[in-house]
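Participant: Sharing a structure with you now.
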Amino acid sequence: MKMTTEEAFVKTLQAHGIRHAFGIIGSAMMPISDIFPAAGITFWDCAHEMTAGMMADGYTRATGEMSMMIAQNGPGITNFVTSVKTAYWNHTPCLLVTPQAANKTIGQGGFQEMEQMNLFADCVAYQEEVRDPSRICEVLARVISKAHRLSGPAQINIPRDFWTQVVDIEIPEPINFEVSPGGTDSIASAAALLSEAKFPVILNGAGVVLAEGGIEASRILAEKLDAPVCVGYQHNDAFPGNHPLFAGPLGYNGSKAGMELISKADVVLALGTRLNPFSTLPGYGIDYWPTNAKVIQVDINPDRIGLTKKVTVGIVGDATKVANGITSQLADTAGDAGREERKNLIATTKSAWAQELTSLDHEQDDPGTTWNERARDARPDWMSPRQAWRAIQSAMPEDAIISSDIGNNCAIGNAYPSFPTGRKYLAPGLFGPCGYGLPSIIGAKIGQRDVPVIGFAGDGAFGISVNELTAIGRDEWPAITQIVFRNYQWGAEKRNSTLWFDDNFVGTELDMKVSYAGIAQACGLKGVQTRTMEETTAALKQAIVDQMENNTTTLIEVILNQELGEPFRRDAMKKPVKVAGIDASDMAAE
Numbered sequence: 000m001k002m003t004t005e006e007a008f009v010k011t012l013q014a015h016g017i018r019h020a021f022g023i024i025g026s027a028m029m030p031i032s033d034i035f036p037a038a039g040i041t042f043w044d045c046a047h048e049m050t051a052g053m054m055a056d057g058y059t060r061a062t063g064e065m066s067m068m069i070a071q072n073g074p075g076i077t078n079f080v081t082s083v084k085t086a087y088w089n090h091t092p093c094l095l096v097t098p099q100a101a102n103k104t105i106g107q108g109g110f111q112e113m114e115q116m117n118l119f120a121d122c123v124a125y126q127e128e129v130r131d132p133s134r135i136c137e138v139l140a141r142v143i144s145k146a147h148r149l150s151g152p153a154q155i156n157i158p159r160d161f162w163t164q165v166v167d168i169e170i171p172e173p174i175n176f177e178v179s180p181g182g183t184d185s186i187a188s189a190a191a192l193l194s195e196a197k198f199p200v201i202l203n204g205a206g207v208v209l210a211e212g213g214i215e216a217s218r219i220l221a222e223k224l225d226a227p228v229c230v231g232y233q234h235n236d237a238f239p240g241n242h243p244l245f246a247g248p249l250g251y252n253g254s255k256a257g258m259e260l261i262s263k264a265d266v267v268l269a270l271g272t273r274l275n276p277f278s279t280l281p282g283y284g285i286d287y288w289p290t291n292a293k294v295i296q297v298d299i300n301p302d303r304i305g306l307t308k309k310v311t312v313g314i315v316g317d318a319t320k321v322a323n324g325i326t327s328q329l330a331d332t333a334g335d336a337g338r339e340e341r342k343n344l345i346a347t348t349k350s351a352w353a354q355e356l357t358s359l360d361h362e363q364d365d366p367g368t369t370w371n372e373r374a375r376d377a378r379p380d381w382m383s384p385r386q387a388w389r390a391i392q393s394a395m396p397e398d399a400i401i402s403s404d405i406g407n408n409c410a411i412g413n414a415y416p417s418f419p420t421g422r423k424y425l426a427p428g429l430f431g432p433c434g435y436g437l438p439s440i441i442g443a444k445i446g447q448r449d450v451p452v453i454g455f456a457g458d459g460a461f462g463i464s465v466n467e468l469t470a471i472g473r474d475e476w477p478a479i480t481q482i483v484f485r486n487y488q489w490g491a492e493k494r495n496s497t498l499w500f501d502d503n504f505v506g507t508e509l510d511m512k513v514s515y516a517g518i519a520q521a522c523g524l525k526g527v528q529t530r531t532m533e534e535t536t537a538a539l540k541q542a543i544v545d546q547m548e549n550n551t552t553t554l555i556e557v558i559l560n561q562e563l564g565e566p567f568r569r570d571a572m573k574k575p576v577k578v579a580g581i582d583a584s585d586m587a588a589e
């Protein structure tokens, strides 16, 4: 069939149901963006490509539907690097379309020329360049298929002079595949281990959320065993929060209940998780990982099995099918050993942690440091981060989707939210970029218009994505609610400074004259400041009403004292040693 390459490209997008593209308009992509409206594809013209990519990540994670990132070749495309790498470690199947400098001028150092394949080689699950205009549909269909199969972003690179070519081409059918249920022998071995376990524990990861029916399959298995279910760091939505077997998130600022319970395990089923370091490192001073337990690790990617922890049984497969396969092969007596004692221990451990969590008001200082004490004394009437999180929890709708940025105040909140279903909790993941909270929740709202959404960010991280306030006030953009924790500092780095650098605060202080609520108002949005728990709860309740009923975006600037929570990387930091010494007098003269 005769058609132009841009028509062929867009028809292939339609065949795969790709309805949303995020980026900034540029001449290299205009041959296809020109026909997006006619094709039923919405182009969301953002304020910056990095945050556009994070919107795409948030959209896909909230809906399960693939979206697209696209921008001008060269500098527009380079701005996607951070968000694409973020999507990679979030296991998000996004399509990255990178128009390239014209084929006939590549290598001449022309305008906006960049080697875009090497740029993303370490950021995508798959990449391919179009070598001839007649192959554009073939390559695009394969790239989309690889993104789905490998559960990560995939890149198609297209020289811009390949657009507007007339080609004889067929639109390929989407390439579908059946996910693996795991190996027969490995499933049987896992079922045998769990059948004999005296204290089995399940650890759910992102793979449970991503697999269709994964949470339900893990619930059935957990109930068969009466096994507590922990979730990995930033995967609070991987098991129903109201279930009596839910033990909460492991790792940094997670659930003490989960940590105490998994420490007693003789068999751990790590379901749909690569066992990343933040899900296994000590927390609250508890070195909870059960080093003598037998570990069954399930991951769709064989390269990640046994990568971080010693594994007894490795299973390559889909979390849902593997969980169902294990359940079907459990012995009739599976879970009977110590069942009642285990159920009672789960209940009492969870209750004790819930009481402790609701009573926490302030952050503790490490021995030899006094910053948090000084912070409270300096602003005795200002809220602490823990008080703010309790106020937020009392106003958060049960069905809300939330996003969390990276940073100290967001991390303090790791143990608080839980969810009845999956695809509710968006977080920057193990790449850890600042600026994720706002754009990802915008993407989620675009995909889930009937669901309340709330974004969270500290004031340092929010400054990286604040420019999107200039984009989202336009009529076609849906309303969202954004909370900014305002303590006027880069908190994580400041805590490091108190612990290892003798309160030498280099680059940690933010401008106290800036008002993010004022910026929101200047952008035509609603901006409010809160200074008490009561004000914060009331503002959030009203913001949700405004979002859902009045199509009004609200930014809530929560003013906090400067208390600092647990540092991110105790395992990676140490006190510096002075040997030669540094003195300003050694600086060369001007």
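Residues in the sequence shown are numbered consecutively from 0, following numbering that gives the first Met the number 0. Where is the CB? At the ideal position from N, CA and C, for every residue including glycine.
1. Considering only the beta carbon of each residue, do Ile23 and Glu48 sit closer than 8 Å?
2. Asp501 and Arg341 - do their beta-carbons sit closer together than 8 Å?
3. So Lys223 and Gly334 are in contact, right, with Cβ under 8 Å, and what is the actual spacing, rounded?
4. Between Glu355, Gly564, Ala414 and Ala410, which lies nearest to Thr369 when the distance is taken from Cα to Cα?
5. Rounded to the nearest angstrom, what separates Ser439 and Leu425 at their Cα positions?
6. Quick one: is Ile400 buried, meaning 16 or more other Cβ sit within 10 Å of its Cβ, or exposed?
7. Report the partner residues of Lys525 according to the DSSP bridge assignment.
8. Can you list, in chain order, the stretches of the beta strand (DSSP E) that have 3 or more residues and sit fully within the region 277–356?
9. Candidates Thr307, Pro180, Arg373 and Val96: which alpha carbon is nearest Arg273's?
10. If distances are taken between C-alpha atoms only, which option among Glu114, Leu260 and Ala460 comes closest to Ala351?
11. With a threshold of 16 other CB atoms inside 10 Å of the CB of Ser496, please say whether the residue is buried or exposed.
12. Out of Thr480, Ile471 and Asn560, point me to the one whose CA is closest to Gly490's CA.
13. Can you list, in chain order, the residues of its chain whose CB lies under 7 Å from that of Asn407, leaving out five sequence neighbours each side?
14. Hey, how far is the Cα of Asn300 from the Cα of Arg148?
15. Less than 8 Å between the C-beta atoms of Pro427 and Ile405, yes or no?
16. Among Lys309, Asn252 and Gly182, which residue has its Cα nearest to the Cα of Asn323?
17. Would the beta-carbon of Thr529 fall within 8 Å of that of Val557?
18. Rounded C-beta distance between Thr85 and Tyr435? I'm assuming under 8 Å.
19. Quick one: residues in its chain with C-beta nearer than 6 Å to the C-beta of Asp216, no 5 flanking neighbours on either side, listed in chain order?
20. Sort out for me which residues DSSP pairs Gly631 with in a bridge.
21. Go ahead and pull the three-state DSSP assignment for Ser43.
22. With 16 as the cutoff for other CB atoms within 10 Å, does Ser26 come out buried or exposed?
23. Which residue marks the beginning of the beta strand (DSSP E) containing Pro171, and which one marks its end?
24. Where are the beta strand (DSSP E) runs, 3 residues long or more, that stay fully inside the region 15–63, in chain order?
25. Could you tell me the alpha carbon to alpha carbon distance between Met54 and Ser584, rounded to whole angstroms?
26. Which residues in the same chain as Gln328 place their Cβ atom closer than 7 Å to its Cβ, once the five residues preceding and following it in sequence are excluded?
27. Secondary structure at Lys84, three-state DSSP: helix, strand or coil?
28. Buried or exposed: which applies to Ser393, given that a residue is buried once 16 or more other Cβ atoms fall within 10 Å of its Cβ?
29. Quick check on Pro98: does DSSP put it in helix, strand or coil?
30. Considering only the beta carbon of each residue, do Ala237 and Gly421 sit closer than 8 Å?
31. Within its chain, find whatever has a CB closer than 6 Å to the CB of Gly472; leave out the 5 residues flanking it on each side and keep chain order.
32. What are the boundary residues of the beta strand (DSSP E) that includes Val266?
33. Are the CB atoms of Asn89 and Ala126 within a distance shorter than 8 Å?
34. Would you mind sorting Gln546 into buried or exposed? The rule is 16 or more other CB atoms within 10 Å of its CB.
35. So, Val297 versus Thr311, is the Cβ gap smaller than 8 Å?
36. Which of helix, strand or coil does DSSP assign to Cys229?
Facilitator: Quick look at the numbers:
1. Result yes, Cβ atoms of Ile23 and Glu48 sit closer than 8 Å.
2. For Arg341 and Asp501, no; Cβs fall outside 8 Å.
3. Your pair Lys223 and Gly334 checks out as a contact, with CB atoms roughly 6 Å apart and the cut at 8 Å.
4. Out of Glu355, Gly564, Ala414 and Ala410, Gly564 has the C-alpha closest to the C-alpha of Thr369.
5. The alpha-carbon atoms of Ser439 and Leu425 are separated by roughly 7 Å.
6. Of the residues assessed, Ile400 falls on the buried side of the cut-off, its CB having 16 or more other CB atoms within 10 angstroms.
7. BP columns for Lys525 point to Thr553.
8. Look at the region 277–356 and you find these whole runs of beta strand (DSSP E), each 3 residues long or longer: 293–298 and 312–315.
9. Minimum Cα-Cα distance from Arg273 among the listed residues Thr307, Pro180, Arg373 and Val96 corresponds to Thr307.
10. The candidate whose alpha carbon is nearest that of Ala351 is Leu260.
11. Around the beta carbon of Ser496, 16 or more other beta carbons sit within 10 angstroms, so the residue counts as buried.
12. When each option's Cα is compared against that of Gly490, the closest is Asn560.
13. Hits under 7 Å: Gly457, Gly490, Ala491, Arg494, Leu563 and Gly564.
14. Between Asn300 and Arg148, the C-alpha separation is close to 10 Å.
15. By the CB criterion at 8 Å, Pro427 and Ile405 fall inside the cutoff.
16. Among Lys309, Asn252 and Gly182, the Cα nearest to that of Asn323 belongs to Gly182.
17. Contact: yes.
18. Taking 8 Å as the upper bound for CB-CB distance, Thr85 and Tyr435 are in contact here, some 7 Å apart.
19. Checking the sequence shown, residue 216 turns out to be Ala, not Asp. Spatial neighbours of Ala216 in its own chain (CB-CB distance under 6 Å, excluding positions within 5 residues in sequence) are listed in chain order as Thr319, Ala322 and Asn323.
20. Given that the chain is displayed from residue 0 to residue 589, the structure contains no residue 631 and the question cannot be resolved.
21. A quick correction: the sequence has Trp, not Ser, at residue 43. In the structure shown, Trp43 sits in a strand (DSSP, three-state: E or B).
22. Exposed, by the Cβ-count rule.
23. Judged by DSSP secondary structure, Pro171 falls outside any beta strand (DSSP E); it is assigned neither H nor E.
24. Entirely contained in the region 15–63, the beta strand (DSSP E) runs reaching 3 residues are, in chain order, 19–22 and 41–44.
25. Cα-Cα distance, rounded: 49 Å.
26. The beta carbon of Gln328 lies closer than 7 Å to those of Ile186, Ala187 and Ala190 in the same chain, with the five residues before and after it left out.
27. Helix at Lys84.
28. By the neighbour-count rule (16 or more Cβ atoms within 10 Å), Ser393 is not buried but exposed.
29. Per DSSP, reduced to three states, the secondary structure at Pro98 is strand.
30. The answer is yes: Cβ separation under 8 Å.
31. Cβ within range, chain order: Cys522, Gly523 and Leu524.
32. Looking at the DSSP string, the run of the beta strand (DSSP E) that includes Val266 is Val266 to Leu270.
33. Position check: residue 126 holds Gln in this sequence, whereas Ala was assumed. In this structure, Gln126 lies away from Asn89, with their beta-carbon atoms at least 8 Å apart.
34. Note on Gln546: 16 or more other CB atoms within 10 angstroms of its CB, so buried under the neighbour-count rule.
35. For Val297 and Thr311, no; Cβs fall outside 8 Å.
36. Cys229: strand per DSSP, three-state reduction.
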